[in-house]
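In this text, residue positions in the sequence shown follow our numbering: the first is 3, and each later residue adds one. Note that CB positions come from ideal geometry on N, CA and C, so glycine has one too. Worksheet: one structure, shown below.
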Amino acid sequence: MRYRIKVKDIVEVLKCNAICATLFFTTLNTFVFSMLSLIGINAEYSTEVVALFSYGILFLMGLYSVFYLKPYMLIIPLFMLIMYFSSFIFFTQNRPFLLGNEILLGFLGLGLPAFLSSVTLDNIDKLEKYLHKYCITVVFIQTFLSIASHLSMPWCDRSNYMEISYQLLVPIIYFLLLEKGTVIDKFCLIAGIIIVIIDGARGPLVGIILCIGYRIISRFSKEKIALSMFLGMLGIIILIANYQTIFTWILNTANHFGFKGNLIRHIEWGDVFSPSGRDELFSLAVTVINKFMFTGSGMAGDRYWLNALGYGKTGAYTHNIFGELLIDYGIILGTILILFLCIMIYLCFIKRESMYLKIFKILFFSLGFSRLLLSSSYIIEVGFYVMMAMMIRGIKFRYIGEKNEEHINNYTLVLSDK
């Protein structure tokens, strides 16, 4: 009995580390690569080493978790697998994309294992504790690398500013949602926001603004929500009216300290609100939706048709989860999926807090949903799968089996402490 409990506890630790390491893969990989380059060691295979630790363990934990699935946990993985194989069979033009490294690794190799590992976690508090440690570590690493980059250290690679920004968004959202944080937590929050502003992309700011808005509104009673919304709208109007003054101050401060991040460049160029060339992309996406209004174009169909219609740029996918669902599955099924997702998200926000829903909200405002409104793809975004797992467990915990789940979790914790 003791042996079985110990093995289960080890598996839980492996799952938590694999999930967190995969979510923060870019940061960990960049740090290892930079440190090896600093001491003069060939860093050619550093990515493979970091991937073996995070991706390899996550994949094994996903396989292990298959044996512990309950019926309600199968809804999402079964649907995704059915869509994948039916698209492979009936939409032959999509096969090169379905068999490409991006989807094979991102979906079958990482997405599904991440979902299976997350949805079968018994001790959810352990995942939160590891997530906290990883968030602090990531901010310190990114702070160190940001300083090194601005000092023009040749071994520091900061070329992937987009991914770096979203990697920092997870810690920022985590610390924003903390009710009570330590001095280190507050430092990490401030440092993370500063680095995103001076080094990062514009997209993560959407998640930060949404999370701040949620925190403000959630503190008010129902009677004060209307007032808070009015004050919020008034604040937005004031910001819009004075945005040139604000941007000028940010630009002058950045120039004074020598900061030249992507967001700073857009402020300097005067196109901070420009769609980054996605107006053409969205226009083509609407064309594809109209072409396959009822049948859809199959999973990864957006990739094929955007290329076929001559988008001609890297990242030829929709860059919006709603548009991607409508292109892939058509107006009818796509709308049903969007409504299902929105209803599930609504249910997660109206019920009292649990650890499942806390982690859900962290991922909702960072990698799991907010990012998918502007970038990435639900098929390959690991954070989306972890978010969906937390959503399913959280709704089950609060609406269906609250007493039963609490008994299971308490029992697991007591046994694990012995």
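Taking one C-beta from the stretch 124 to 136 and one from the stretch 8 to 16 each time, how about it: are there three or more such pairs within less than 8 angstroms?
-> yes
My understanding is that Cys137 touches Leu179, with C-beta atoms under 8 angstroms, so please give their C-beta distance in whole angstroms.
-> At roughly 11 angstroms, the Cβ-Cβ gap does not stay under 8 angstroms, so Cys137 and Leu179 are not in contact.
Per-residue burial, Asn44 [other beta carbons within 10 Å of its own, 16 or more giving buried] | exposed
Would the beta-carbon of Phe109 fall within 9 angstroms of that of Met390?
-> no
Bounding residues of the alpha helix (DSSP H) (the contiguous stretch that carries Trp157) | Trp157 -> no alpha helix (DSSP H), and no H or E assigned at all.
Unbroken alpha helix (DSSP H) runs of length 4 or more, entirely within the stretch 60 to 100: which are they?
-> 77 to 92 and 97 to 100
Own chain partners of Ser148 with C-beta closer than 7 angstroms, once the 5 adjacent residues on each side are dropped = Ile197 and Asp201
Counting only the same chain and skipping the five closest in sequence on each side, list residues whose C-beta sits under 6 angstroms from that of Leu328.
-> Ile291 and Gly336
Does the pairing of the stretch 79 to 90 with the stretch 294 to 304 give three or more beta-carbon distances under 8 angstroms?
-> yes
Work out the CA separation of Phe367 and Gly332 for me, nearest whole Å.
-> 27 angstroms
Around the Cβ of Tyr348, are there at least 16 other Cβ atoms within 10 angstroms (buried) or fewer (exposed)?
-> exposed
Buried versus exposed call for Lys182 [16 or more other C-beta atoms within 10 Å across all chains shown] | exposed
Go ahead and label Cys190 buried or exposed: buried means 16 or more other beta carbons lie within 10 angstroms of its beta carbon, across all protein chains shown.
-> buried
How far does the alpha helix (DSSP H) with Phe146 in it reach, from first residue to last?
-> Ile126 to His152
Taking the continuous alpha helix (DSSP H) assigned at Ser119, which residues delimit it?
-> Leu114 to Val121
When Ser56, Asn31, Ile382 and Leu308 are compared against Cys18, the one with the closest alpha-carbon | Ser56
If you pair each beta-carbon of the stretch 26 to 34 with each one of the stretch 140 to 156, do three or more pairs fall below 8 angstroms?
-> yes
My guess is that Gly205 and Ser377 are in contact by the Cβ rule of under 8 angstroms, so how many angstroms apart are they, rounded?
-> 6 angstroms
Assign Glu14 to one of three DSSP states: helix, strand, or coil.
-> helix
For Thr139, which option in Arg217, Gly102, Leu153 and Cys22 has the closest C-alpha, if you only look at C-alpha atoms?
-> Cys22
Hey, could you find the ends of the alpha helix (DSSP H) Ser39 is sitting in?
-> Phe27 to Leu40
Going by the CB atoms, is the gap between Arg373 and Tyr1 shorter than 9 angstroms?
-> Nothing about residue 1 can be reported from this structure: the residues present for the chain run from 3 to 420 only.
Measuring alpha carbon to alpha carbon, tell me which of Met155, Tyr47, Leu114 and Met393 ends up nearest Ile345.
-> Met393
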